[in-house]
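Presented below is the structure to which this report refers.
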Amino acid sequence: LIYTNVTLLGFYVLNKFNSVRGIKAKGGKCLTSLPIRLTVENDLSNTAPESFSSSVVEGGVLFGALTRLQETQPDFKFTVKVDPNFGLFLESVNGVAGDENEQTYWEILTENSGEYTRLDVGIGCYTPKADEHIVLKFRTWKSTTEE
-9 LIYTNVTLLG FYVLNKFNSV RGIKAKGGKC LTSLPIRLTV ENDLSNTAPE SFSSSVVEGG
51 VLFGALTRLQ ETQPDFKFTV KVDPNFGLFL ESVNGVAGDE NEQTYWEILT ENSGEYTRLD
111 VGIGCYTPKA DEHIVLKFRT WKSTTEE
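Numbering follows my numbering, with no gaps: position 136 of the sequence shown is 126.
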């Protein structure tokens, strides 16, 4: 538990530090902020998709962009669960949480020219590119296995 808290604190501190434009990293290189787009979709409700804009430090991870968005947009909230073997899992978005009993989860996709691709790593490892469109889609395991 202490390791988990220290890890999350480390992510928080790094993201606070990296959210400032023009900070010099090791070697004197300036960190560049890259814009990304984010859409939140819920396959299980009749709610309209929500669109947001955020940014990520070049080479930074999606967790940083989501944290930055949560700090600046009152309409966006998320939580994560830390697995000691696999890292950060997206647990809830805007109060909607995945549930093993109901077989629901948040799928993380990237969209490019109408093509959707599942990320092969989680939010703690994925490094978005400039102007990338990330989609957080709430769905059931059943709908995923039918594709």
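Positions of the beta carbon are idealized from the N, C-alpha and C atoms, including for glycine.
All values derive from a computational prediction rather than experimental measurement.
Assess contact between the segment 109 to 123 and the segment 83 to 91, defined as three or more Cβ pairs (one per stretch) separated by less than 8 Å. Is contact present?
no
Every unbroken alpha helix (DSSP H) inside the segment 94 to 135 [4 residues or more]
131 to 135
Going by C-alpha to C-alpha distance, which of Pro39, Asn75, Gly49 and Lys71 sits closest to serine 82?
Lys71
Per DSSP, which one or two residues make a beta bridge with proline 25?
Ser45
Rounded to a whole number of angstroms, what is the C-alpha to C-alpha distance between aspartate 121 and aspartate 110?
19 Å
Could you name the residues that DSSP lists as bridge partners for glutamate 31?
Lys127
One or two residues paired with glycine 77 in a DSSP bridge
Asp73
Best match in Phe76, Leu78, Asn75 and Leu59 for proximity to glutamate 40 [C-alpha to C-alpha]:
Leu59
Secondary structure of glutamate 92, DSSP reduced to three states:
coil
Could you name the residues that DSSP lists as bridge partners for valine 86?
Val83
For glutamate 61, which beta-bridge partners are listed by DSSP?
Glutamate 61 is not bridged to any residue.
Candidates Asn102, Glu97 and Cys20, of which the one nearest asparagine 32 by Cα:
Glu97
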